[in-house]
Amino acid sequence: MNVPTEHLLILSAILFAIGMGGFLLRRNMIVVLMSIELMLNAANLAFLAGARQHAALAGHWVAEGPVMVTFVIAVAAVEAAVGLALVIAFYRRKQTVSLDRLSPTGAASKAN
Amino acid sequence: MDTTIAETGQLWPWLIPGLPLMGALLTGAMHLAGLRRPKNDDKATSKPLAANIAILAMAAAFAFSIKGFLALRGGEANILSTSYDWIPTGDFTVSWSLMIDHLSSLMTLVVTGVGLLIHIYAAGYMKGDTGYAKFFAYLNLFVAMMLMLVLSDNMVGTFVGWEGVGLCSYLLIGFWYKDSWRAEAAQKAFVVNRIGDAAFLLGMFILATTLGSLDYSAINSEASLLAKPELPWKLSLAALLLFGGACGKSAQIPLFVWLPDAMAGPTPVSALIHAATMVTSGVYLVVRLNPLFAAAPLVLTLIGAIGAATAFVAGTSALRQRDLKGVLAYSTVSQLGYMFLALGVGAFSSAIFHLVTHAFFKALLFLAAGSVIHGMNKEQDMHKMGGLKAHMPKTCLTFIAGAAALSGLPLMSGFFSKDEILAQAFAGGGVSLILWAVGLVTAAITATYTWRMVALVFFGKERFDKQAVHPHESGALMTTPLFVLALLSVGGGILGLPIVFHAPHILGEWLAPVVEPGQAILAAAHNGHLSHLTEWILLGVGAMIALGCAHLAFHAHRQGTQSDLAFETKHPELALSLSNAWGIDRAYQVMLVQPVMTAASAISTLFDLALIDGAVNGLGRFAQRLGQRVSRQASGHLGAYGLTIGGAACALAAIWMWIGA
Amino acid sequence: MVDLLFYVAAAVSVLCALGVVVSANPVQSVMMLLGSFTGIALIYLLAGFQFLAAIQILVYGGAIMVLFLFVVMLLNQGDPVALAREQGVLHKEQLAGGLAVAGSALAVLLVAVARTDLPRPIFGYLWPEGGLDPLLGMAQAMFGPYVLAFEGASVLLLATAVGVMTLAKRQRNKPVAAASTSEEASA
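Protein chains in written order, with this note's numbering: chain A, 6 to 117; chain B, 397 to 1057; chain C, 3 to 189.
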C-alpha cells in the first residue's frame, strides 16, 4: 500500500470529529460511550500512521506506535467495561440511560 | 590599642550574658506553662521558683563578672571570646565575640551587681502579681541584653543588645498593660528610642563603609590615626549620629521625653533599667568610642552643651514634681546630663565614675521609693505622704543615704563624682567654664529637689488618709538590698578620691587603658591639671552649695505643702511649665505628634479606605460577579461540559499551531 | 489496487461511524460501530499492522462490541417504547454548538495535517515479512522497556474487574427481595 501518511491522518481526523460530534450530540449514554470508542480508534489510527511513516524513513520497524496502540486498546476495554457498568447502575436507579437525567434535576428541567 | 588582642578561645565569658538569658528562657517557659493552668490552680509553688531561678542566674553572672574582673586585675591582657563569624562578607566580617576589658568589666560588675540586688528586691516587691514569672523573664532578658551591649567587642553586637534592652524596656514599662496609659508610655518610650536607634544605625553604616570594620579596637585605632591631621568629616558625622543614638537611649534633650513617662513600669524596673543600667548605655557608648569622639571636637562640644542643658532643664523640672517617682525620673535625666557634660569636656573616666555612683544611689532611691509606694498602697503623690519616718524607719534611713549621695553632701559618693566632673569642666577653661557654671547651678537645684522630696515624704505632718492607708515597713527581702545599696552609695566615693586627698584615684587608674587614646587626642586642647588650691576651693564651693541648698529645701518643706502651694499661687504659669519639663513634651505633642496623627488619619481615609480598600473590595466584587457568571456555566449538563472541553481543546490546538510550536 | 482497497475501507469506516452517531436505535449503532471497526482493522492490515488488525477484530469486534450489544439488549434499548422515551430533546443551540465544536475540531486537525510537511519515503512504505508489528519484537518491547506500563495495565484491568463487579452488583438496601434476586441473576 502506497497511500501517503497524510491520507491516513485525514481519515483519523474525520473519524475523530465524527466521534466528537456523537459525544456532544447524543443523549444516550451507550451511544456516547461508543463515540468515545470511535475517538480512541481515530487516535490509534494516527499513532499507526506515524509508526508507518517512521518505519519508512528509518528503514526498520519501530515499536513505540504499535505498543502504544496496544495499551490504548487495553484502556479502551477498561473504559467500556466501567462505563457500561455505570450505565447499568444508573439505569437501575433512574430506569433510563439518558444523559439529561444525569444532570441535576433543576438544571435538566431548565434545559427542557 | 595593643592590649585589645588578648587571650582568645575562652568561652566562659559567654556565660555572663548567657546565664541570665537561660534564666529568662526558663522563667518565660514557666510563665507560659502557668498560662495553661486553670486560674484557680495553686500557682504559689512555682512563684518563688521563678524568682529563685532569676536570682540564681544573676548571682552566677555576677560571679563570672568577678572572675573576669580578677582575671584583668591579675594579668594585663583583655579577654576576647569569639564564638563564630556572624556576617562574613569578603573584607567585612562581623563576629559574635565578647571582650572583657577594663571598661566592660566594670560595666558588667555594675549591671550584674546592682541587677542582682534589684532582682532580690523585686522578688519581694512583685509578690502577688499575676505576671510574677513573666516579670522575671523580662528582667533576666533585659540583663542578658544589657550584658551583650557592654561586652560585645563590635558595634553590631552592641546594637543587638541596644535593641534588646529597648525591647525589654518597652515590655517592662508596659508590664501592667491593662492600664492604657502605661501601654501608651511603653509605646512612647519605644518610638522615641527608635529615633535614636535610627541615628545609631546610620552612624554605624558610615563607620562600616569608611573604616571597613565595626570592631571597637579597629574603629578606635583608626580614629586615633586619622585624628592626627584632621578627622574626615564623615567620621565626625558618624560620631554625631552615634551621639544621637546615645541621646535616645540616655534620655538627653531632645529625646528625653520618654523617661518621665517610663515610670509607669514597676519600680524595680525603674531602678534597674531607667536609672542604673540601660539609660547609661549612651554614656558607655561614647566612652567606648572615646578616640572617635575626642577626634571630633565639635561633636564633643555639642555633647557637653546638650548634657548641661539637659541637666539644668530636667533638674528644674524635678523641683516641681509632686509624683515621687517623677522627681526621681527627672533627677535621672538631670544626672545623665551631668555624665554627658563630663563627656563633653573630655572627662571620660569621670563620666563613668558618676555612672557607677549614680547607679548605686539612684537605684537605692528608686527602690526605697518603691518601698514607700508599696507601704502606702501604690500612692505616689508626695503631697499625700509626710511623716513616714516613724512608720518605715529602715526605708527612711536608706532613702536619706541615697539623697545625701544624690545631692552631693560632702564625703558621699555623689559628692566626689559630681565635683570631679565640675572640676574637670572648670579645668577645661573657655567654653567649658559655662558648662561648669550650669553644672554648679544644677548641683544647687539637685540638692534642693532632693531634700524637698525627703522632707515631703518622711517628715512633717502625716497628710495621708489614716483610715485608708496604713504605712508599714517592707519585708527583709526588700530592705536588705536597700542597706547594701546605701552602703555603696555612701562609701562609693572611695573609688575616685580627688587628687588633693593624696589617695589613688582607683577608678581613674583602672579605666586609664581604655580612655588613654581619647585623652591623648585631647591632650592638646586640655591645659593640664588644676592647682591644689583651686581644687580645694572648688570642693569647698560644691560642699557649701550642696549643704546650703539641702538645708534650705529641707526646712522649707518640712512643714508640709505650704511652700509648694505658695509658689504655685505666686507663679502659676511658671510652676505649670516647670512641672511639665518646660512644656517640651507638650510642644512635641503639638508640633510633631498631632501633625503626624492628623496626616496618618488623613492618609488612612484617603489612601487606605478609598484607594486600597476600594481596590481590594472592587477586586473582590469583580471576582464575585465573575464567579456568579461563570457558575451559571456549571449547570451540570454533560453536554455543556463536553462542548466547553472540546471547544477549549480546539482553541488550544489552534493557538498552538498558530504559534508554530 | 491495494491503495483502492484502502479508500474503500476508509469510506466504509467513515460512513459506518456516521451511522453510529445518527442512528436512533442503539442496536443499529452497535452494528455500525462494528462495521467501522472492521474497516479500520482492514486499514491496519493494509498498512502492515497484521497483529494489531487481529487484535482490533478480536478485542473490539469480539469483546467490546459484544459487551455493548449485551448492555443494549439488557436494558431493552432496542425496544420501541424505550426508543421513544430516549428520543432526544436536542435544542437547536445544543445541536449548533455540538456541530460547531466537532467541525472546528475537524478543521483544526485537517489544518494540522495540511501544515505538516511529511517527507515522502524514497523507497516506498515498508511492509516487511512480519509486518510493522512483528510478534516477537512487540513482545520484547512489552516486556522490555515498557514492562512497567504493561504491569500497570494489568493492574488496571484487575482493578476494573473488581470495580465493575462492585458497580454492577445491585445495591443491598433495595427493599423488595424478589426483584433484587431476579436482577442479580440478570446482572
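Idealized CB from N, CA, C, for every residue including glycine.
Residue i CB to nearest chain B CB: under 9 Å?
i, result
"A/L53", "no"
"C/A26", "no"
"C/S106", "yes"
"C/A19", "no"
"A/R32", "yes"
"A/M39", "no"
"C/L2", "What is shown of chain C runs 3 to 189, which leaves residue 2 of chain C out entirely."
"A/L104", "yes"
"A/N117", "Unreliable positioning characterises A/N117 in this predicted model, as indicated by a pLDDT of 36, which lies under 50. A coordinate reading is not provided."
"C/A102", "yes"
"A/F95", "no"
"A/L14", "no"
Given a cut-off of 9 Å on the beta-carbon distance, is the pair residue i and residue j in contact?
i, j, result
"B/F538", "B/V561", "yes"
"B/L607", "B/I615", "yes"
"B/T844", "B/A949", "yes"
"B/G1010", "B/T838", "no"
"B/L1039", "C/G105", "no"
"C/A12", "A/L53", "no"
"B/E816", "B/P894", "yes"
"B/G703", "B/L831", "yes"
"B/P650", "B/I980", "yes"
"B/G766", "B/S813", "no"
"A/A85", "A/L29", "no"
"A/N46", "A/G27", "no"
"C/F209", "C/G133", "Residue 209 of chain C lies beyond the residue range present for chain C, which begins at 3 and ends at 189; the question has no answer from this structure."
"A/V102", "C/L54", "no"
"B/V910", "B/A800", "no"
"B/A642", "B/G592", "yes"
"A/A18", "C/L20", "no"
Measuring alpha carbon to alpha carbon, tell me which of the options ends up nearest residue i.
i, options, result
"B/M659", "B/V752, B/L694, B/L720", "B/L720"
"B/S461", "B/T504, B/L421, B/L428", "B/T504"
"B/S501", "B/I1055, B/Y680, B/L974", "B/Y680"
"B/M849", "B/V880, B/C792, B/E964", "B/C792"
"B/G722", "B/F756, B/A671, B/D575, B/F736", "B/A671"
"A/L13", "C/L71, C/A116, C/T162, C/A143", "C/A116"
"B/D549", "B/S677, B/C564, B/G509, B/L610", "B/L610"
"B/I890", "B/T485, B/L784, B/H750, B/M541", "B/H750"
"B/L907", "B/F744, B/F458, B/A519", "B/F744"
"B/G509", "B/Y528, B/K523, B/L543", "B/L543"
"C/I66", "A/H65, A/A47, A/L43", "A/L43"
"B/V490", "B/G783, B/L545, B/A446, B/V552", "B/V552"
"B/E618", "B/A800, B/F689, B/S997, B/G887", "B/F689"
Per DSSP, residue i forms a beta bridge with which residues?
i, result
"B/P484", "B/T489"
"A/N33", "A/S103"
"B/N589", "Note: B/N589 sits in no beta bridge, so no partner."
"C/M205", "An answer regarding residue 205 of chain C cannot be provided, because it is not within the stretch 3 to 189 covered by chain C."
"B/G496", "Note on residue identity: the sequence assigns Ile, not Gly, to residue 496 of chain B. For B/I496, which the question treats as bridged, DSSP gives the partners B/I475."
"B/N550", "B/D611"
Let me see if you follow: with CB-CB separation under 9 Å, is residue i close to chain A or not?
i, result
"C/A170", "yes"
"B/G1038", "yes"
"B/L431", "no"
"B/L1034", "yes"
"B/A1050", "no"
"C/A56", "no"
"B/W1054", "no"
"C/I191", "This structure gives no information on residue 191 of chain C, because the portion of chain C shown stretches from 3 to 189."
"C/G139", "yes"
Within the 9 Å Cβ cut-off, does residue i reach chain C?
i, result
"B/G1042", "yes"
"B/M418", "no"
Should residue i be flagged as near chain E, meaning a C-beta pair shorter than 9 Å?
i, result
"C/R122", "Here the protein chains are A, B and C, and chain E is not one of them."
For this session: Would you be able to state if there are at least three C-beta pairs under 8 Å between the stretch 729 to 743 of chain B and the stretch 704 to 717 of chain B?
Result: yes
For this session: Determine contact between the stretch 155 to 166 of chain C and the stretch 72 to 80 of chain C, defined as no fewer than three beta-carbon pairs at a distance below 8 Å.
Result: no
For this session: Check whether the stretch 14 to 31 of chain C touches the stretch 1045 to 1054 of chain B, counting contact only when three or more Cβ pairs, one atom from each stretch, lie closer than 8 Å.
Result: no
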